[in-house]
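Notes follow the structure.
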Amino acid sequence: MTLYMALIIILSYLALIKCIFFRHRRTLVKSLKRALNAPPSRETNGENIRALVVTAHPDDECMFFAPTIIRLVELNATVHLLCLSEGNYYNQGAQRKQELLNSCAVLGIPASRIIIVNHKKLPDDPKAEWSVSLVSSEILKHIRAHSINMVLTFDGSGVSSHANHIAIYNAVRHLASTGEVPNDCTLLSLVTVGLLRKYISFLDVPLSWFLPSCVCCIIGSKAYKQAKAAMLCHRTQLLWFRYLYITFSRYMFINTFQTIAQGPKNLKIY
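Under my numbering, the first residue of the sequence shown carries the number 3, and numbering increases by one thereafter.
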């Protein structure tokens with residue numbers, strides 16, 4: 003009886019996941035419109051979305067943001083990528099830059115919408131303290147240049163606690179506090195989850211779906227293959243543990259975001 007009940011629970015859980023996948027597209031459009039404070043409309047695409055994904059290193063775009071990028075591209079949103087370093091920690095910057103371009107081609111971002119920053123004050127280094135003012139100025143420049151109305155980046159824990167990831171969040175939060183961001187631009191941070199949830203793959207779908215978030219992006223098996231193909235473009239990074247990440251990380255299937263509130267805050271500028 004115990005085995006029977008366990009089987010019923012497992013099948014019910016998998017059926018719940020299937021149901022969530024089925025409902026997700028319609029719900030995603032609604033949540034994106036709410037995030038943008040857009041008026042109700044019968045339109046079912048995202049052509050009015052001009053998104054800027056801000057990352058620290060080549061491979062961040064597929065390791066952490068692939069579900070979001072894939073879904074936004076499917077909705078006909080205009081997606082830009084701003085990568086704030088070439089990933090030159092092991093002197094592989096030129097290779098990693100090309101890998102990023104290849105990965106974005108798989109995800110659906112054309113090279114014309116990709117900016118890779120090479121600045122001596124923004125090194126690929128977990129021990130480096132990136133300047134909040136410098137990072138925020140880079141982001142703001144691209145928001146204005148492309149009339150961006152949605153910025154997506156890391157939260158205060160940076161998913162992997164990487165200092166460069168967290169520096170981007172601090173920069174975006176600074177912009178949110180200064181009033182420099184256009185009124186129609188929404189700022190979203192990728193939610194960092196605990197270690198257990200991070201590595202239970204698609205089994206985290208129900209938790210991500212029912213826990214509060216501003217935007218939830220989920221992909222199925224077909225889009226997962228696309229995300230995996232993007233990851234495999236980063237050949238310089240494919241150590242053994244990367245393959246485990248590709249298989250077990252929920253960030254290959256699911257992204258949840260919270261809004262970065264825009265309002266006065268006292269932040270120290272470096």
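We put the CB at the ideal spot given by N, CA and C, even for glycine.
Beta-bridge pairing of residue i - partner residues as DSSP gives them
{"i": "alanine 53", "result": "Val81, Met152"}
{"i": "threonine 261", "result": "Leu190"}
{"i": "isoleucine 256", "result": "Ile220"}
Coil, strand or helix - residue i by DSSP
{"i": "isoleucine 221", "result": "coil"}
{"i": "isoleucine 202", "result": "coil"}
{"i": "cysteine 21", "result": "helix"}
{"i": "asparagine 93", "result": "coil"}
{"i": "phenylalanine 66", "result": "coil"}
{"i": "glycine 158", "result": "coil"}
{"i": "threonine 4", "result": "helix"}
{"i": "glutamate 101", "result": "helix"}
{"i": "leucine 9", "result": "helix"}
{"i": "lysine 32", "result": "helix"}
{"i": "valine 108", "result": "helix"}
{"i": "lysine 123", "result": "coil"}
{"i": "leucine 38", "result": "coil"}
{"i": "leucine 86", "result": "coil"}
{"i": "histidine 59", "result": "coil"}
{"i": "lysine 129", "result": "coil"}
From the options, residue whose alpha carbon lies closest to that of residue i
{"i": "leucine 136", "options": "Asn172, Cys235, Tyr201", "result": "Asn172"}
{"i": "valine 183", "options": "Ser203, Pro208, Val193, Leu142", "result": "Leu142"}
{"i": "serine 191", "options": "Ser215, Leu241, Arg237, Phe204", "result": "Ser215"}
{"i": "glutamate 63", "options": "Gln97, Val108, Arg28", "result": "Val108"}
{"i": "arginine 252", "options": "Arg146, Tyr245, Val207", "result": "Val207"}
{"i": "glutamate 140", "options": "Asn120, Thr188, Phe156", "result": "Asn120"}
{"i": "histidine 26", "options": "Ser133, Thr155, Cys219", "result": "Cys219"}
{"i": "lysine 80", "options": "His148, Lys200, Val134", "result": "A small correction: the amino acid at residue 80 is threonine; lysine does not occupy that position in the sequence shown. For threonine 80, the nearest C-alpha among the options comes from His148."}
{"i": "threonine 238", "options": "Thr29, Pro60, Ile22, Met152", "result": "Pro60"}
{"i": "glutamine 264", "options": "Lys200, Val56, Ser179, Thr194", "result": "Ser179"}
{"i": "glutamate 76", "options": "Ile262, Arg28, Ala231", "result": "Arg28"}
{"i": "isoleucine 256", "options": "Arg199, Ile221, Asp186", "result": "Ile221"}
{"i": "leucine 30", "options": "Arg73, Leu54, Ile145", "result": "Arg73"}
{"i": "methionine 58", "options": "Thr249, His167, Trp211", "result": "First, the amino acid is wrong: residue 58 is alanine here, not methionine. Closest by alpha carbon: His167."}
{"i": "cysteine 235", "options": "Leu198, Ile262, Cys21, Leu103", "result": "Leu103"}
{"i": "valine 195", "options": "Lys122, Ala113, Gln260", "result": "Gln260"}
{"i": "arginine 276", "options": "Ser133, Val153, Trp211", "result": "The first residue shown for the chain is 3 and the last is 272, placing residue 276 beyond what the model contains."}
First and last residue of the uninterrupted beta strand (DSSP E) at residue i
{"i": "isoleucine 116", "result": "116-118"}
Boundaries (first-last residue) of the alpha helix (DSSP H) holding residue i
{"i": "histidine 144", "result": "134-147"}
{"i": "asparagine 166", "result": "165-180"}
{"i": "serine 274", "result": "Because the chain here runs from 3 to 272, residue 274 falls outside it and cannot be looked at."}
{"i": "isoleucine 248", "result": "242-250"}
Any non-hydrogen atom of the ligand SAM closer than 8 angstroms to residue i Cβ
{"i": "valine 134", "result": "Of ligands this structure carries none, so the ligand SAM is not represented either."}
query = Are the stretch 119-136 and the stretch 82-92 touching by the rule of at least three beta carbon pairs closer than 8 angstroms?
reply = Between the stretch 119-136 and the stretch 82-92 there are three or more C-beta pairs closer than 8 angstroms, enough to call the two in contact.
At least 3 beta-carbon pairs within less than 8 angstroms: the stretch 66-81 vs the stretch 220-239 = With a cut-off of 8 angstroms, the stretch 220-239 and the stretch 66-81 count as touching, because enough Cβ pairs lie within range.
query = If you pair each beta-carbon of the stretch 48-62 with each one of the stretch 24-38, do three or more pairs fall below 8 angstroms?
reply = Yes, the stretch 48-62 is in contact with the stretch 24-38.
inquiry  = Between the stretch 98-113 and the stretch 240-248, can you find at least three pairs of beta-carbon atoms closer than 8 angstroms?
reply    = Because the criterion of three Cβ pairs below 8 angstroms is not met, the stretch 240-248 and the stretch 98-113 do not touch.
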